[in-house]
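Quick mapping for you: the protein sequence lines, in order, are chains L and B. For the first sequence, this note's numbering begins at 2 and goes up steadily by one. For the second sequence, this note's numbering begins at 2 and goes up steadily by one.
2 protein chains.
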Amino acid sequence: VEATLINVFVVPEEKEEEFLERWQATSKVFQSSGWLLEAHLHRNTDAGNTTFRFVNVARWASAEAWRLAHENHPPSEYEIEGVIGHPSIFEPVYDVYSDTMTEVRARTHWLAANHP
Amino acid sequence: VEATLINVFVVPEEKEEEFLERWQATSKVFQSSGWLLEAHLHRNTDAGNTTFRFVNVARWASAEAWRLAHENHPPSEYEIEGVIGHPSIFEPVYDVYSDTMTEVRARTHWLAANHP
Chain L
2 VEATLINVFV VPEEKEEEFL ERWQATSKVF QSSGWLLEAH LHRNTDAGNT TFRFVNVARW
62 ASAEAWRLAH ENHPPSEYEI EGVIGHPSIF EPVYDVYSDT MTEVRARTHW LAANHP
Chain B
2 VEATLINVFV VPEEKEEEFL ERWQATSKVF QSSGWLLEAH LHRNTDAGNT TFRFVNVARW
62 ASAEAWRLAH ENHPPSEYEI EGVIGHPSIF EPVYDVYSDT MTEVRARTHW LAANHP
């Protein structure tokens, strides 16, 4: 079953560039595993709470594939001083659109729809 | 400019039901404003880090619309004891697919592609 990974990162300002370099390198390794289906890294614009500098929302082949990939290749971005991640697999609960609100019973794959 | 809101919530286990009820009520108010374009609430499966019980990934008409909506209607889920949110507007940095990795310069709307 495909799985949604969400990870919010604390990253000290002076470590942002190094973080981005390492995140890219890690993502390339995970890409080559075939288990990472897509990942979307976001940066905080500081319009609200500034605790988390970066957020990754990704789709993996399965929760087990995600776990194994990290066991085989622990992401080096965590070696940067001050970087703290909070990675876990999340399941959808509610999908809200401008005119509907749906409780999600079966897993939906809303992340999958936008491959270029 | 459309804006991506990401909010990770700490929610005590015994408050989950109340949180979900209030989150739905808040979302209905924001729906009726016309500024909330979509929202996707996720629950932690506890496959990894368990700090954040729920994560909302949403798309708003603009960062300013998001700010104004919360000024007009402060979400009541924050009144629940032990609930802590970390809402902010995020911009895309990298989009990774199985065979490509793209640095995002212009804002993309990958969340928008899956309207049912």
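Just so you know, even glycine gets a beta-carbon here, dropped at the ideal spot from N, CA and C. For clarity, every value in this text was computed on a predicted model and none was experimentally measured.
- For N57(L), the closest alpha carbon among the candidates L69(B), V94(B), A64(B) and V105(B) is that of V94(B).
- For D96(B), DSSP records a beta bridge to H41(L) and T103(B).
- Residue pairing from DSSP places I90(L) in a beta bridge opposite L6(L).
- Looking at the backbone, the Cα of I81(B) and that of D96(L) are separated by about 22 Å.
- Here S89(B) has L6, I7 and N8 as same chain residues with Cβ atoms under 8 Å from its own Cβ, once five neighbours each way along the sequence are excluded.
- For F20(L), the enclosing alpha helix (DSSP H) covers residues E17 to S34.
- Membership of R60(L) in the beta strand (DSSP E) is indicated by the continuous run F55 to W61.
- Apart from the 5 residues on each side of it in sequence, G35(B) sits with its Cβ closer than 8 Å to the Cβ of A62 in its chain, given in chain order.
- In the DSSP assignment, H71(B) falls within the unbroken alpha helix (DSSP H) covering A64 to N73.
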